[in-house]
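Worksheet: the structure to be examined is printed underneath.
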Amino acid sequence: MGAEWVLCPLKMVWESIKTIGCNKLVFATIMAATSVPLSALTLYEARTTHDLAAHIHRLESLGRHVPTRFEARHVFEESRQNALSLLRLKLLFSFPSYLLSLFASLFAVHSSLLPSPTLRSAAIASFHSFHRPLLTSIVVYALLFLFSPFPHFLAALAAPSTALSFLVPAMASFLQIYLMAVLSLGLVVSVAEERFGWDAIRIGHGIMAGRRVCAWLLSGMFVAVSGLIRWKVDAVAAEGETGIKEKAIVIVSYAFVVIWSYAIMTAFYSHCRKRHPIKEPLPDHNPDQHLQLVSL
Numbered sequence: 008m009g010a011e012w013v014l015c016p017l018k019m020v021w022e023s024i025k026t027i028g029c030n031k032l033v034f035a036t037i038m039a040a041t042s043v044p045l046s047a048l049t050l051y052e053a054r055t056t057h058d059l060a061a062h063i064h065r066l067e068s069l070g071r072h073v074p075t076r077f078e079a080r081h082v083f084e085e086s087r088q089n090a091l092s093l094l095r096l097k098l099l100f101s102f103p104s105y106l107l108s109l110f111a112s113l114f115a116v117h118s119s120l121l122p123s124p125t126l127r128s129a130a131i132a133s134f135h136s137f138h139r140p141l142l143t144s145i146v147v148y149a150l151l152f153l154f155s156p157f158p159h160f161l162a163a164l165a166a167p168s169t170a171l172s173f174l175v176p177a178m179a180s181f182l183q184i185y186l187m188a189v190l191s192l193g194l195v196v197s198v199a200e201e202r203f204g205w206d207a208i209r210i211g212h213g214i215m216a217g218r219r220v221c222a223w224l225l226s227g228m229f230v231a232v233s234g235l236i237r238w239k240v241d242a243v244a245a246e247g248e249t250g251i252k253e254k255a256i257v258i259v260s261y262a263f264v265v266i267w268s269y270a271i272m273t274a275f276y277s278h279c280r281k282r283h284p285i286k287e288p289l290p291d292h293n294p295d296q297h298l299q300l301v302s303l
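In my numbering, the protein residues as written are 8 to 303.
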């Protein structure tokens, strides 16, 4: 059983590499059209907002140490105005980033599912299924937003205890990684099947049965790799004057990880669907006949 926990994620990674390797032109085009602009936009956003965010932190630190309330009120008011400007700036970047991410998921998942994908076949499939991942992603973001205060709430409860102060954040991180695995698979389900929203997430959670540890490990790998790249993006943004070569490496690396993560989750979806096939009635809808098992 322990070997299966290790072999399953490795198998999904290998399957995704084979899929991308057999369709290099298709995935390279998808990457160039969606995830490369997405990663470039992410880097530009980090560079644009870094100085403003640093200025806000300096103002907040200054506001806590000024001698009079009048000065503190003035500093915090300036900090609030800058925070609103930062929020507006992030919202300005969020819409194109969301669309690019959505298109990347559509094209990457369809290209991973189709036996012989072409850009035309992926585009047609994406056009007909666009609304499902769109609605599902809204539910995904809503669930992540609802979950976001939970780790801080647990950390506040565990603050008096030294032992719990380590255990509770670890449990919260464990749950967050698992939630991201369920939501990621639900998004793939919404692209691959005629399901969307909460129904797609519910189905994704259901077909993970027996492979939940594998899903958690894959999600943990995504979190670790994306966190490393995000750290590099922030470092490049903080440095200001960075060489074009270093920026290009960060942009291409981030773009590849985005496409690769969708390919891995699609391979995991196909693996789960083989273990839990879709049950559909036979064409004549005769209730006395057995159910036909359809595997995607």
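C-beta atoms are modelled at their ideal positions from N, C-alpha and C, and glycine is treated no differently.
Check, Outcome
"Leaving out the 5 sequence neighbours to the left and right, which residues in its chain are closer than 8 Å to V189 when beta-carbon positions are compared?", "I208, G211, H212, M215, A222"
"Consult DSSP for G320 and reduce its assignment to one of helix, strand or coil.", "No information on residue 320 is available, as it lies outside the stretch 8 to 303 that the chain covers here."
"Let me know if R76 comes out buried or exposed under the rule of 16 or more other beta-carbons within 10 Å of its beta-carbon.", "exposed"
"Where does N30 sit, in a helix, a strand or coil, going by DSSP?", "coil"
"Can you list, in chain order, the residues of its chain with a C-beta nearer than 6 Å to that of A47? Leave out the 5 residues immediately preceding and following it.", "I258"
"Roughly how far, in whole angstroms, is the beta-carbon of H64 from the beta-carbon of N89, given that I think they are within contact range, below 8 Å?", "Not really, about 10 Å apart at Cβ, beyond 8 Å."
"Measuring only the C-alpha atoms, how far is A7 from L225?", "Given a span of 8 to 303 for the chain in the structure shown, any question on residue 7 remains unanswerable."
"Could you tell me whether the Cβ atoms of P158 and Q183 are closer together than 8 Å?", "yes"
"Rounded C-beta distance between T49 and K97? I'm assuming under 8 Å.", "That pair is no contact at about 11 Å."
"Is the beta carbon of V33 sitting closer than 8 Å to the one on P124?", "yes"
"Should S112 and L194 be called a contact, given that it needs their Cβ atoms to be closer than 8 Å?", "yes"
"Under a three-way DSSP split, which group does H212 fall into?", "helix"
"Identify, in the order they occur along the chain, each residue of the same chain with its Cβ nearer than 7 Å to the Cβ of S233, setting aside the five sequence neighbours on each side.", "V264"
"Would you kindly report the start and end of the unbroken alpha helix (DSSP H) that includes A274?", "251 to 282"
"Which residue wins for smallest C-alpha separation from E52, given the options L106, D241, F134?", "D241"
"Where do the ends of the alpha helix (DSSP H) carrying L126 lie?", "126 to 136"
"Can you check which of these residues, S268, L106, D58, P176, is closest to E246 by C-alpha distance?", "D58"
"By the 10 Å Cβ neighbour count, where 16 or more other Cβ atoms means buried, how is H138 classified, buried or exposed?", "exposed"
"Can the beta-carbon of S197 be found less than 8 Å from the beta-carbon of P284?", "no"
"Can you tell me the Cα-Cα spacing of S281 and L235, whole angstroms?", "Going by the sequence as given, residue 281 is Lys instead of Ser. Distance between the alpha carbons of K281 and L235: 33 Å."
"Output yes or no for whether 8 Å exceeds the beta carbon distance between P16 and M228.", "yes"
"Contact defined as beta carbons within less than 8 Å: I believe S86 pairs with A270. What is the distance between those atoms, to the nearest angstrom?", "That belief does not hold up - the Cβ atoms of S86 and A270 are roughly 43 Å apart, past 8 Å."
"Using DSSP with H/G/I as helix, E/B as strand and the rest coil, what is T49?", "helix"
"Can you give me the Cβ contacts of V243 inside the same chain, cut-off strictly under 8 Å, excluding the 5 residues immediately before and after it?", "L50, A53, R54, T249, E253, K254, V257"
"Can you tell which of H278, S101, I27 has its C-alpha closest to the C-alpha of I1?", "Since the displayed the chain opens at 8 and closes at 303, residue 1 lies outside it and no answer follows."
"DSSP three-state call for L153: helix, strand or coil?", "helix"
"Between S104 and L45, which are expected to be in contact by the criterion C-beta below 8 Å, what is the C-beta distance as a whole number of angstroms?", "6 Å"
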